[in-house]
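K.L.:
Our numbering applies: residue 24 is where the sequence shown begins, and numbers increase by one.
From the three backbone atoms N, C-alpha and C, an ideal C-beta is built for every residue, glycine too.
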Amino acid sequence: MRIHNAEFVTSAADDSGWPSDIRPEIAFAGRSNVGKSSLINNLLNRKGLVKTSAEPGKTRLLNFFLINEKYFFTDLPGYGFARGDKAEIARWKPMIESYLTGRQGLKALVHIVDIRREPDGMETALAEFAANAGLIHILVANKSDKVSKLASAKSVREIEKALGKKPILYSAHTGEGKDVLWKAITPLLHERVTPRHAPEDTE
Ligand SMILES: Nc1nc2c(ncn2[C@@H]2O[C@H](COP(=O)(O)OP(=O)(O)OP(=O)(O)O)[C@@H](O)[C@H]2O)c(=O)[nH]1
Ligand SMILES: [Mg+2]
24 MRIHNAEFVT SAADDSGWPS DIRPEIAFAG RSNVGKSSLI NNLLNRKGLV
74 KTSAEPGKTR LLNFFLINEK YFFTDLPGYG FARGDKAEIA RWKPMIESYL
124 TGRQGLKALV HIVDIRREPD GMETALAEFA ANAGLIHILV ANKSDKVSKL
174 ASAKSVREIE KALGKKPILY SAHTGEGKDV LWKAITPLLH ERVTPRHAPE
224 DTE
């Protein structure tokens, strides 16, 4: 897709801060430091649109970006920057979960993992949560430039085994995988926005 416009809209901790207009929306989530913000910049061919950092925990709020004046991309805060920190999880979980279940217009969760890291229980929980919330779950293994072809094939098998699907190989530094990810996202942007219900409403 040709990106003629990409702009930051707002940051929010909860639904009172989400943009009020509803458009097709794609969210990007994953562990802290996996390269969520870098990947969004790479996907949009913008260098500094989304703030990135070598220090984990840079993105603390939900950040909304308006793309081509038509779609929202949301950069979600990462989890796991303070390993096992209960206060961190207590802040992160409701912020993400209420967004994933309640945000009208949200079509898909792009779940980003680090190619070098075997997925743990947090990753499985996020994938399951997205599916239960009725979202399309797109799995991406980022930082492919950091490993050899051989090591990356092995990691892909491990990630597939843990999370039940083959990830799209991506490098936010070289742009590997960009076309494949756009192919997965583009049709969703052209779908009609229909009301979503939290899982408990549908029973
Ligand atoms: N080699 C390599 N480094 C990457 C890649 N993507 C991101 N990085 C680096 O990883 C670090 C973290 O990147 P961010 O994009 O800030 O990661 P994030 O997931 O948004 O992090 P939080 O906001 O803290 O959750 C930075 O130093 C990036 O330059 C990649 O594909 N390859
Ligand atoms: Mg970030």
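(1) Between the alpha carbons of L89 and L72, how many angstroms are there, rounded?
(2) Looking at ligand 2, does it come within less than 7 Å of T209, judged from the CB to the closest heavy atom?
(3) Nearer than 7 Å: is that true of the beta carbon of T147 relative to any heavy atom of ligand 4?
(4) Closer than 7 Å to a non-hydrogen atom of ligand 2 - does that hold for the CB of G40?
(5) Excluding the 5 residues flanking N65 on each side, which residues of the same chain have their C-beta closer than 7 Å to its C-beta?
(6) Taking the beta carbon of M118 as the centre, do at least 16 other beta carbons fall within 10 Å, making it buried, or is it exposed?
(7) Per the contact definition of three or more C-beta pairs closer than 8 Å, is the region 36-55 in contact with the region 118-130?
(8) Taking the continuous beta strand (DSSP E) assigned at Y94, which residues delimit it?
(9) Does at least one heavy atom of ligand 1 sit under 7 Å from the Cβ of V179?
(10) Taking 7 Å as the cut-off, is the beta-carbon of S60 closer than that to any non-hydrogen atom of ligand 2?
P.N.:
According to the structure shown:
(1) Reading the sequence shown from its first residue, position 66 is the one you call residue 89. Reading the sequence shown from its first residue, position 49 is the one you call residue 72. Going by the C-alpha atoms only, they are around 11 Å apart.
(2) Within the sequence shown, numbered from 1, the residue matching residue 209 stands at position 186. No, Cβ of T209 sits at least 7 Å from all heavy atoms of ligand 2.
(3) In the structure shown, ligand 4 is absent; the only ligands present are ligand 1 and ligand 2.
(4) Numbered from its first residue, the sequence shown carries residue 40 at position 17. It does not: the Cβ of G40 is nowhere closer than 7 Å to a heavy atom of ligand 2.
(5) For the purposes of this step, residue 65 is identified with residue 42 of the sequence shown, where counting begins at 1. Listed in chain order, the non-local C-beta contacts of N65 below 7 Å within the same chain comprise A195, G198 and K201, local neighbours out to five positions each way being set aside.
(6) Here residue 118 is taken as the residue at index 95 of the sequence shown, counted from 1. Buried, by the Cβ-count rule.
(7) yes
(8) Within the sequence shown, residue 94 is the residue found at index 71, counting from 1. From DSSP, the beta strand (DSSP E) with Y94 extends over Y94 to D98.
(9) Here residue 179 is taken as the residue at index 156 of the sequence shown, counted from 1. No - ligand 1 has no heavy atom lying nearer than 7 Å to the Cβ of V179.
(10) If you number the sequence shown from 1, residue 60 lands on position 37. Annotation for S60 indicates a beta carbon within 7 Å of some heavy atom of ligand 2.
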